[in-house]
Each structure stands twice: as structure tokens, then as C-alpha cells.
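In this note's numbering, the protein residues as written are 471 to 915. Glycine included, every Cβ here is placed at the ideal spot set by N, Cα and C.
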Ligand SMILES: CC(C)(COP(=O)(O)OP(=O)(O)OC[C@H]1O[C@@H](n2cnc3c(N)ncnc32)[C@H](O)[C@@H]1OP(=O)(O)O)[C@@H](O)C(=O)NCCC(=O)NCCS
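Here is the structure:
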């Protein structure tokens with residue numbers, strides 16, 4: 471099997487892992503209206519249909535803001551907002567009702583193409599927003615209750631509930647309710663595992679929005695992941711920029727942070743213009759959008775016996791090329807306590823070992839990072855972790871033997887050293903034919 475086959479097998483494994491993890495769980499999609507007007511909308515909905523067919527419970531909350539604005543403008547009615555909330559006058563209300571159902575129908579139409587049954591329904595109870603600081607919000611309401619039993623019944627019948635931005639009071643009066651409010655309430659009421667925000671107007675390219683240097687980006691400079699503190703920092707750094715891109719991105723981040731507070735594990739903000747974005751974001755560790763997560767996403771940990779096949783799979787291409795010395799499963803098992811792995815969502819993406827050679831020196835060895843995840847800091851974090859571990863264990867110096875990674879270690883503060891600097895046991899084992907370079911780092915205490 472060649473390396474490309476390995477890579478596609480990894481993708482398939484990852485997809486199965488995620489499918490298994492999310493089957494039976496609820497994922498809420500908040501999809502902005504402009505997405506329904508993109509050429510890729512039918513494909514996006516096909517991918518959502520695929521998720522539904524694999525057993526994920528999908529709830530769709532269409533965002534109708536842009537369409538309502540457009541229809542009101544066509545009827546010469548001004549859109550008035552206060553604190554981001556529309557003031558829905560009696561005159562506007564008939565058009566708001568019509569527009570929100572029209573937007574919802576687009577999802578029914580698209581899902582019909584994949585033979586997924588869907589239902590636009592009255593799943594939300596509302597109450598009036600009322601008069602705030604003397605200003606009457608008229609027909610604008612807020613979510614009062616999500617009818618969980620009704621939605622659960624619909625999902626149990628393998629149908630997809632669609633929640634337009636109209637909700638009704640107990641007396642049957644319709645109110646215009648924000649789709650963000652509905653998305654949040656439905657995430658909380660249904661214990662959704664994820665909220666996916668699909669938009670065409672957000673950007674997470676570091677070239678477009680201000681972000682702390684520490685956030686994780688891909689090679690193209692796209693921010694892949696933010697924890698809650700980082701998301702808050704990005705918000706603070708961009709809140710005064712009034713461009714549409716910044717306003718929309720901040721709105722999506724605010725929605726994400728609010729959703730995490732309701733108990734959702736992760737929010738994914740994806741670009742509705744990109745084909746396949748949903749499947750890539752949900753079914754691969756790298757994703758295609760930006761994930762905002764509350765809990766731990768990646769971690770470095772020691773290894774179990776069951777990790778050994780995965781570690782060997784990471785090391786195999788490097789052993790084949792002669793970059794790493796060949797090790798068997800037994801070799802790794804014997805030195806099990808020396809090994810650490812970098813995992814994303816419980817999948818191993820890098821490994822390395824710290825071997826004690828006495829004389830206060832330890833070797834960092836068997837370092838291998840998944841090439842599909844290069845540039846994400848996995849190798850660097852693992853080496854820093856091992857340097858920390860060495861310091862805690864009382865070592866004075868760590869060293870590596872390398873044939874092709876000297877520049878990388880230099881960037882981490884290692885400097886070239888001679889064979890004579892190695893501890894006696896390692897000096898004895900040093901293979902002069904292999905002629906590896908030795909790089910070392912003194913541990914400051
Ligand atoms: C070296 C290695 C661990 C880096 O893993 P990684 O997770 O991609 O590393 P990071 O994300 O922390 O760093 C990526 C950076 O290192 C650079 N880099 C990767 N391999 C490099 C090498 N051999 N020499 C110099 N720089 C290298 C990348 O270009 C990238 O640079 P950038 O951040 O400026 O874009 C990985 O490439 C690997 O497994 N190499 C083969 C194994 C090996 O040589 N082991 C050492 C002997 S024990």
C-alpha cells in the first residue's frame with residue numbers, strides 16, 4: 471500500500487469514528503439566507519441529508535434576516551433595529567411572516583431532492599418583547615418555550631424539523647423571533663451536541679480579522695479553532711470594525727459563545743460557499759471551517775498498549791525512509807512509559823519518546839507527526855511537553871539524534887553538540903555509519 475492509500479484510509483477511519491460518535495445525537499444548523507442563494511446550496515443540503523441518513527438528528531433554523539430586509543425594502547418599509555433586534559411594526563409583520571416561511575420552504579425544497587422528509591412547524595412558543603425604555607418592540611417576540619416533545623416526535627419519525635423565525639403566544643398571536651434566539655433555545659432544550667452556523671459573510675482568515683498570534687491557523691492563515699477565551703479576544707479585537715464582514719463574524723462568534731453556555735460542546739462556523747464544507751468540518755479533525763470549543767479538544771498523554779498499532783502506523787513511512795530507526799511493537803511496549811502521544815478528539819496525530827540515558831541526560835526519540843496535520847504545532851507541542859517532563863524528572867539536558875530535522879530542532883532552541891557530549895551508554899550505541907547529527911538543549915532550572 472502506498473502513502474496516498476494510507477492517507478485516504480485515515481480519512482475513512484476518521485469519518486467512521488465521527489459518524490459513530492454523533493449517530494443519535496442532535497446537531498442544530500443555523501443557516502443564513504444568503505447561503506440558500508449560492509450555487510452550492512443544493513450540494514450543502516445533500517450533505518446534510520447524508521448526515522440525517524447516517525442517524526444524526528438534524529434541526530434546521532433558517533436565518534431570514536437578509537430576505538426580510540429585502541422584501542420590506544421592496545414594499546418601502548424601513549427595517550428598524552435596536553440592539554440588534556428588529557422592531558416589527560404591524561405594517562411589516564405580514565411581510566415578515568411571508569418571508570420567513572418562504573425562506574423555510576427553500577430547505578424543504580432542497581431536502582426533497584434527497585428524499586428527506588421535513589416539516590416547517592410551530593415548535594416554539596413566544597412572548598412579546600414588550601416596551602423597553604419606552605420603546606415598543608410591537609410584533610417582535612422572544613422565545614418562551616421550545617416544544618421539545620413535538621420536535622422529538624418529529625425526529626423519531628425520521629423527519630427534519632425546520633423552525634422559521636415566527637413563534638406563537640399561548641393565545642396564538644404570531645411574533646417575529648430572532649433565529650439566533652431560536653437556535654440557542656433549541657440547542658439547550660434538545661441538549662444538542664453541536665451548533666453549525668453556515669454563513670457566506672464571515673471570515674476567519676488572519677489576514678482579514680485581528681486575532682492573537684497564539685491562535686491555531688492552517689498554512690493559508692485560516693483560524694481553525696478557538697477556545698472560549700480566544701474567541702472572546704477575537705471579539706474584543708474586532709468589535710469596533712464596522713465592515714459587514716467584521717459585524718457578521720462577530721455576530722457569529724457571539725452566537726457561538728452563547729451556544730457554548732447552553733451546554734453545546736462545539737460550534738462550527740462554516741462558509742456556505744465551499745463545497746463539502748459540512749462533511750469535512752464534522753467528519754475530520756482538521757475541518758474546513760472554524761470550531762469554537764468549550765472543553766478540551768486536543769491533548770498530550772501517555773500511551774496504552776492499544777495505542778501501539780496507531781503509533782507504528784505513524785512511524786512506518788518514516789522508518790521506511792530511514793528517518794526513524796525501525797522499532798517493533800515489542801520495542802514500544804518495553805519502553806511504553808517513555809512514550810507520549812498528541813491526540814485530537816482521541817485520535818493519535820503525533821508521538822515521541824523520552825529515554826533516560828543516565829548522567830542527567832534524556833533522549834527525545836521516535837518523534838513522528840502525522841503529515842496530514844503538519845504545521846499545526848503537534849510536533850512542537852510534543853517536544854516542549856517532553857522538555858517539561860525531563861525538567862520535572864530532574865534531567866539537566868535533553869538531546870536528539872537526527873538526520874533530517876536539525877533546522878526544526880534549532881528553532882526550538884536546540885544547538886549542535888558532539889558525540890562526546892552524549893552519556894556513555896548512548897555513545898557506545900552511536901552508529902557512526904548512520905552519522906546522525908546530535909542536537910541538545912540544556913534544561914534551565
Ligand atoms: C519534524 C516534525 C516532527 C514536525 O511536526 P509538525 O507537527 O508538522 O511540526 P510543527 O507544526 O510544530 O512545525 C511545523 C514547522 O516545522 C517546519 N518543518 C517541518 N519539518 C522540518 C524539517 N525537517 N526541517 C525544518 N523545518 C521543518 C515546517 O515547515 C513548519 O514550519 P512553519 O511553522 O514555519 O510553517 C515532523 O515533520 C516529522 O514527523 N518529521 C519526521 C520525523 C523526524 O524527523 N523526527 C526527528 C528525529 S527523532
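Which same chain residues end up closer than 7 Å to residue i when comparing Cβ atoms and leaving out the 5 residues on each side of it in sequence?
{"i": "residue 471", "result": "Confidence at residue 471 is low in this model, with a pLDDT of 48, below 50, so its placement is unreliable and the value that follows should be read with caution. Cβ neighbours of residue 471 beyond the five flanking positions: none."}
{"i": "residue 849", "result": "820, 837, 839"}
{"i": "residue 658", "result": "732, 733"}
{"i": "residue 588", "result": "577, 578, 581, 629, 630, 632"}
{"i": "residue 855", "result": "770, 810"}
Excluding sequence positions up to five away, which residues of its chain have a Cβ less than 6 Å from the Cβ of residue i?
{"i": "residue 666", "result": "499, 738"}
{"i": "residue 492", "result": "526"}
{"i": "residue 478", "result": "none"}
{"i": "residue 489", "result": "524"}
{"i": "residue 604", "result": "none"}
{"i": "residue 682", "result": "703"}
Just to check my reading of the structure: residue i and residue j have Cβ atoms closer than 8 Å, yes? What is that Cβ distance to the nearest angstrom?
{"i": "residue 616", "j": "residue 594", "result": "6 Å"}
{"i": "residue 727", "j": "residue 701", "result": "6 Å"}
{"i": "residue 730", "j": "residue 698", "result": "6 Å"}
{"i": "residue 911", "j": "residue 883", "result": "6 Å"}
{"i": "residue 705", "j": "residue 720", "result": "6 Å"}
{"i": "residue 742", "j": "residue 668", "result": "5 Å"}
{"i": "residue 809", "j": "residue 823", "result": "5 Å"}
{"i": "residue 784", "j": "residue 818", "result": "7 Å"}
{"i": "residue 678", "j": "residue 715", "result": "6 Å"}
{"i": "residue 762", "j": "residue 773", "result": "So it is not a contact: roughly 30 Å between Cβ atoms."}
{"i": "residue 451", "j": "residue 613", "result": "Residue 451 is absent from the model: the chain starts at 471 and stops at 915."}
{"i": "residue 879", "j": "residue 872", "result": "6 Å"}
Who are residue i's beta bridge partners in DSSP?
{"i": "residue 909", "result": "870, 886"}
{"i": "residue 899", "result": "Note: residue 899 sits in no beta bridge, so no partner."}
{"i": "residue 760", "result": "739"}
{"i": "residue 809", "result": "823"}
{"i": "residue 772", "result": "810"}
{"i": "residue 595", "result": "615, 638"}
Report all residues from its chain with a CB closer than 8 Å to the CB of residue i; omit the five preceding and five following residues, and keep chain order.
{"i": "residue 416", "result": "Look at the range of the chain in this structure, 471 to 915, and you will see that residue 416 is not part of it."}
{"i": "residue 805", "result": "823, 825"}
{"i": "residue 708", "result": "679, 680, 716, 719, 720"}
Which residue spans inside the stretch 822-866 form an unbroken beta strand (DSSP E) run of at least 3?
-> Fully enclosed beta strand (DSSP E) runs of 3 or longer: 831-839.
What runs of the alpha helix (DSSP H), each 4 residues or longer, lie entirely inside the stretch 484-560?
-> Listed in chain order, the alpha helix (DSSP H) elements of length 4 or more contained wholly in the stretch 484-560 are 503-506, 511-523, 535-544.
Whole alpha helix (DSSP H) elements within the stretch 777-805, 4-residue minimum | The qualifying runs are 778-790, 799-804.
Per the contact definition of three or more C-beta pairs closer than 8 Å, is the stretch 594-601 in contact with the stretch 497-511?
-> With the cut-off at 8 Å, the stretch 497-511 and the stretch 594-601 do not touch.
At least three beta-carbon pairs within less than 8 Å, the stretch 813-833 to the stretch 892-910 = The stretch 813-833, when compared against the stretch 892-910, does touch it at the 8 Å Cβ threshold.
Segment contact flag, the stretch 502-517 with the stretch 532-542, C-beta cutoff 8 Å, min 3 pairs = The answer is yes - the stretch 532-542 touches the stretch 502-517, with three or more Cβ pairs under 8 Å.
Could you name each continuous beta strand (DSSP E) segment of 3 residues or more that falls completely within the stretch 605-645, going from the start of the chain to the end?
-> Entirely contained in the stretch 605-645, the beta strand (DSSP E) runs reaching 3 residues are, in chain order, 611-616, 630-632, 636-638.
Are the stretch 509-522 and the stretch 744-753 in contact at 8 Å, needing three or more beta carbon pairs?
-> Flag = yes, the stretch 509-522 and the stretch 744-753 touch.
Which residue spans inside the stretch 636-702 form an unbroken alpha helix (DSSP H) run of at least 4?
-> Runs of alpha helix (DSSP H) with 4 or more residues, each lying fully within the stretch 636-702, are found at 649-659, listed in chain order.
Looking at C-beta atoms only, is the number of pairs between the stretch 604-624 and the stretch 545-565 that lie closer than 8 Å three or more?
-> Contact between the stretch 604-624 and the stretch 545-565 is established, with three or more Cβ pairs separated by less than 8 Å.
Quick check: the stretch 617-624 against the stretch 563-572, are there 3 or more CB pairs under 8 Å?
-> Taking a contact to require three or more Cβ pairs closer than 8 Å, the stretch 617-624 and the stretch 563-572 do not qualify as touching.
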